[in-house]
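The opening residue of the sequence shown carries number 76 in this note's numbering; numbering runs sequentially from there.
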Amino acid sequence: MKFGQPIHVCMSNSAVTLKEKYCSETEFPEALFSMDLWFQKERYSKVIREEDLKDWPGAFPGRMRDDEASYCFITTDFSMESAKEFLPPVLPHFESMAIIEIDPTGVNMG
76 MKFGQPIHVC
86 MSNSAVTLKE
96 KYCSETEFPE
106 ALFSMDLWFQ
116 KERYSKVIRE
126 EDLKDWPGAF
136 PGRMRDDEAS
146 YCFITTDFSM
156 ESAKEFLPPV
166 LPHFESMAII
176 EIDPTGVNMG
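This is the structure:
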């Protein structure tokens with residue numbers, strides 16, 4: 076998260092119970108999965124320390140720079156239908172996530 080690096084959560088063809096098993100307010104908060112919540116200083120400051128922001132290029136004293144803030148994105152091999160069935164119970168704030176579906180037949184692998 077330091078320096079605004081994104082966090083990539085690769086679910087592949089699984090529905091790992093991130094919400095229940097791995098999320099905690101001081102290490103991997105649920106707020107990270109909702110940009111509206113994550114950009115609130117009282118949320119991110121539980122994980123990103125004042126000390127971390129000192130060397131963060133472009134950070135304002137005591138807070139993340141909004142256009143270079145850390146964020147989380149999730150990838151999955153699920154179809155849209157399977158994603159909507161299996162991911163809401165395991166991912167925090169799934170209902171507010173933007174979903175981008177890529178048609179694999181449209182990807183040139185050569």
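The beta-carbon is built from N, C-alpha and C at its ideal position, and this holds for glycine as well.
Cut-off 6 Å between Cβ atoms - residues of its own chain near residue i, not counting five sequence neighbours on either side
{"i": "residue 107", "result": "113, 147"}
{"i": "residue 168", "result": "108, 109"}
Residues that DSSP places opposite residue i in a beta bridge
{"i": "residue 151", "result": "Answer is none; residue 151 lacks a bridge partner."}
{"i": "residue 145", "result": "DSSP lists no partner for residue 145."}
{"i": "residue 85", "result": "150"}
{"i": "residue 99", "result": "103"}
Alpha carbon of residue i to alpha carbon of residue j, nearest angstrom
{"i": "residue 161", "j": "residue 94", "result": "13 Å"}
{"i": "residue 159", "j": "residue 128", "result": "36 Å"}
{"i": "residue 166", "j": "residue 157", "result": "14 Å"}
{"i": "residue 145", "j": "residue 84", "result": "13 Å"}
{"i": "residue 182", "j": "residue 149", "result": "19 Å"}
{"i": "residue 92", "j": "residue 125", "result": "30 Å"}
{"i": "residue 178", "j": "residue 102", "result": "35 Å"}
Close Cβ partners of residue i (< 7 Å) along its chain, the five nearest in sequence each way excluded
{"i": "residue 104", "result": "98, 118, 121, 122"}
{"i": "residue 80", "result": "145"}
Counting Cβ pairs closer than 8 Å, one from the stretch 170-177 and one from the stretch 96-107, do we hit at least three? no
The stretch 77-91 in contact with the stretch 149-161 per 3-pair CB rule at 8 Å: yes
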